[in-house]
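Report on the structure given below.
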Amino acid sequence: MTELAWIENTLTSARPQAMGALVRYFRDLDRAEEAFQEACLRALRNWPMKGPPRDPTAWLIFVGRNAALDGVRRDSRNTALPPEDKISDLDDVETDMAERLDDAHYRDDILRLMFVCCHPDLPATQQVALALRIVSGLSVRQIASAFLIGEKAMEQRITRAKRRVAEANLPFTAPNAVERSKRLGSVAAMIYLVFNEGYSATCGADVVRASLCDEAIRLARLLLRLFPSEPEIMGLLALMLLQHARSAARTDADGNAVLLDDQDRTLWNRSGIEEGLALVDKALRHGQPGPYQVQAAIAALHARAKTPEETDWEEIDLLYQMLESQTPSPVVTLNRSVAISKTQGPEAALQLIAPLAERLSGYFYYHGVRGAYLSKTGRAEEAREAFDRAIALARTPAEAAHIRQHLDQLAVMTQVN
Amino acid sequence: MLYAILCYHNEDVVMSWSREEDDAVLAKRRSVQKELVDTDRMGPAIRLMPTSAATTIRASGSEQLVLDGPFAETKEQLLGFYVVDCENLEEVVDFAKRMKEGESVTFEIRPVQIFEKGNLPEREASTK
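Chains as they are written, first to last, in full-length UniProt numbering: chain A, 1 to 417; chain B, 1 to 128.
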């Protein structure tokens with residue numbers, strides 16, 4: 001690994017903690033960001049010559065804080081700046097600083113930073129954009145391309161989010177235990193949104209969006225390290241690892257979606273699956289199954305099956321029932337219908353989803369799944385109508401292409417009959 | 001005499017390596033290991049999953065506690081490890097509890113991510 005790559009990795013991993021501490025200090029996202037940027041620039045200048053500091057995070061916080069304070073002084077009055085070599089020569093102070101950084105602060109700083117980003121006043125899209133900018137440090141351009149919108153629009157979205165956070169006048173004190181567990185839930189939801197944004201559009205060459213999945217996994221790891229005994233955070237990380245492990249098999253060479261049953265399981269990432277399985281096992285020992293854990297347990301059953309035929313659909317059905325009682329939603333029921341179609345046949349699945357017709361009328365997957373059940377029961381005409389509706393609702397060319405395959409099969413079938 | 005070489009690093013930094021960077025590190029290590037491999041002195045090379053995947057069994061009075069961990073503030077040192085082939089965590093926990101009986105040692109169960117068998121012959125601890 002080159003030296004520059006090492007420094008960049010260190011800056012990336014130090015970012016949440018350093019930004020957290022700088023936000024606590026300045027109580028201002030923009031100022032904290034500028035301070036961190038400045039500290040990174042100085043790190044790139046100093047570390048190759050002097051070698052890495054003993055505690056890179058402490059160094060960045062200290063240098064960032066001083067640099068920003070210099071900026072404040074410079075703005076207010078034309079005070080002469082201290083010479084650069086003095087600012088950078090921090091050996092003694094840095095050691096002292098590192099000793100004063102304690103773990104409790106570290107944890108609260110990062111959580112507070114994440115919580116600021118998922119402030120309940122912000123719409124989900126702004127929460128995600130802000131978190132990617134502030135916690136992960138992605139550039140506006142990267143975030144914009146990940147969300148398939150223009151850079152200018154994303155810039156505005158982030159600026160609006162920052163202004164709202166500033167107006168909300170958040171308390172920057174350490175959260176108490178109750179408050180902390182509430183925050184943890186919204187932070188977890190934000191991370192999962194980041195993941196889904198990447199996952200729902202993982203099509204072939206779409207590297208930028210796939211990296212959102214990696215970023216979400218990185219954030220979840222960070223969160224779990226801060227709260228190692230939270231089974232739902234374990235479940236969240238497990239769920240994302242298990243889903244992401246299948247990404248290489250989810251599209252074919254032409255970029256078309258490949259259904260779970262048809263995926264080449266040798267393309268699944270074994271180490272991601274194994275880590276996910278380990279985390280599910282560990283989480284379930286706590287005996288407090290929440291929605292992320294249940295979804296992870298479902299993903300684990302798919303991952304454990306060596307062939308589609310070995311999938312334990314009965315157990316998956318039970319887990320979906322559990323999920324239905326925890327978080328009732330027509331989408332959960334729609335997913336459960338897949339298990340029902342495997343255990344009781346397409347007719348039973350159709351009956352299960354019939355009451356959802358109205359609520360899911362604008363949902364791509366509803367029409368796609370319904371079309372598949374209908375064609376299995378031989379109702380070709382109704383199936384065709386369902387597939388047509390699905391195509392009209394497809395968000396990506398891959399989704400549309402997948403449904404067209406179904407239509408082609410249907411055409412072949414009806415010709416034969 | 002055998003030596004276990006335990007690698008400590010900032011987990012966050014390691015986790016942020018790209019696949020290419022990770023491969024480069026492994027390739028470099030393998031080239032260093034080669035001399036030992038060529039002379040049949042190379043044992044299993046094991047990478048553990050992140051600490052978030054770890055489970056710890058501790059003695060608490062007469063009971064044995066199974067905990068998530070290790071935690072950042074842990075002061076205990078890793079002394080060595082076994083590799084066992086078990087169906088699931090439950091089985092490993094049972095096994096570890098039996099091994100732990102009557103000892104004040106702490107066992108941490110960590111799932112193995114990459115297992116390279118190596119080619120070192122088995123040997124017993126030398127007795128004086």
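Just so you know, even glycine gets a beta-carbon here, dropped at the ideal spot from N, CA and C.
*Compute the beta-carbon to beta-carbon distance between Y192 of chain A and L236 of chain A, rounded to the nearest angstrom, for a pair I have assumed lies under 8 Å.*
6 Å
*Should R389 of chain A go down as buried or exposed, given a rule of 16 or more other Cβ atoms within 10 Å for buried?*
buried
*Which residue or residues does DSSP assign as beta-bridge partners of A257 of chain A?*
A:T251
*Using a beta-carbon distance below 8 Å, is G116 of chain B in contact with chain A?*
Just to set this straight, residue 116 of chain B is Glu in the shown sequence, not Gly. Judged by the 8 Å Cβ criterion, E116 of chain B is not in contact with chain A.
*asked:* Using only CA atoms, which one of A:L29, A:R209 and A:K182 lies nearest to L148 of chain A?
replied: A:R209
*Can you tell me whether H406 of chain A is buried or exposed, with buried defined as 16 or more other CB within 10 angstroms of its CB?*
buried
*Nearest-angstrom Cα distance between R384 of chain A and Y366 of chain A?*
14 Å
*asked:* How far does the beta strand (DSSP E) with R47 of chain B in it extend, from its first residue to its last?
replied: A45 to L48
*When burial is assigned at 16 or more other CB atoms within 10 Å of the CB, is R112 of chain A buried or exposed?*
buried
*Could one say the Cβ of K306 of chain A lies closer than 8 Å to chain B's Cβ atoms, at least one of them?*
no
*Taking Cβ-Cβ distances shorter than 8 Å, what residues in chain B pair up with P53 of chain A?*
Residues of chain B passing the Cβ test: none, with the nearest at roughly 13 Å.
*Can you tell me where the beta strand (DSSP E) with Q113 of chain B in it begins and where it stops?*
V112 to E116
*Given a cut-off of 8 Å, decide if L60 of chain A and A39 of chain A are closer than it, judged by their beta-carbon atoms.*
yes
*With a threshold of 16 other CB atoms inside 10 Å of the CB of P53 of chain A, please say whether the residue is buried or exposed.*
buried
_Expected contact under 8 Å - CB spacing of V258 of chain A and R250 of chain A to nearest Å_ = 6 Å
_Cutoff 8 Å: M42 of chain B Cβ touching any chain A Cβ_ = no
*What span of residues does the alpha helix (DSSP H) with T56 of chain B cover, start to end?*
Counting along the chain, T56 of chain B falls outside any alpha helix (DSSP H), though it belongs to the beta strand (DSSP E) covering T55 to S60.
*asked:* Please list the terminal residues of the continuous beta strand (DSSP E) segment that includes V66 of chain B.
replied: E63 to D68
*Helix, strand or coil at residue 433 of chain A [DSSP, three-state]*: With chain A covering only 1 through 417, there is no way to say anything about residue 433 of chain A.
*Identify each residue in the stretch 3–27 of chain A for which the Cβ-Cβ distance to at least one residue of chain B is less than 7 Å, and report them in chain order.*
A5, N9, T10, T12 and S13
*For residue 443 of chain A, which three-state DSSP category applies?*
What the structure shows of chain A is the stretch from 1 to 417, and residue 443 of chain A is not part of that stretch, so it cannot be assessed.
*Between A380 of chain A and L356 of chain A, which are expected to be in contact by the criterion C-beta below 8 Å, what is the C-beta distance as a whole number of angstroms?*
That pair is no contact at about 22 Å.
*Straight-line CA distance for A14 of chain A to V13 of chain B?*
8 Å
*Within chain B, partners of D70 of chain A - CB distance below 7 Å*: The premise fails here: D70 of chain A is roughly 29 Å from chain B at the closest Cβ pair, so nothing lies under 7 Å.
*Taking DSSP as the reference, what is the three-state secondary structure of I109 of chain B?*
strand
*Please decide whether residue 132 of chain B counts as near chain A, where near means a Cβ-Cβ distance under 8 Å.*
This structure does not reach residue 132 of chain B, given that chain B is present from 1 up to 128, and the question cannot be answered.
*asked:* Can you pull the chain B neighbours of L222 of chain A, defined as C-beta to C-beta under 8 Å?
replied: D12
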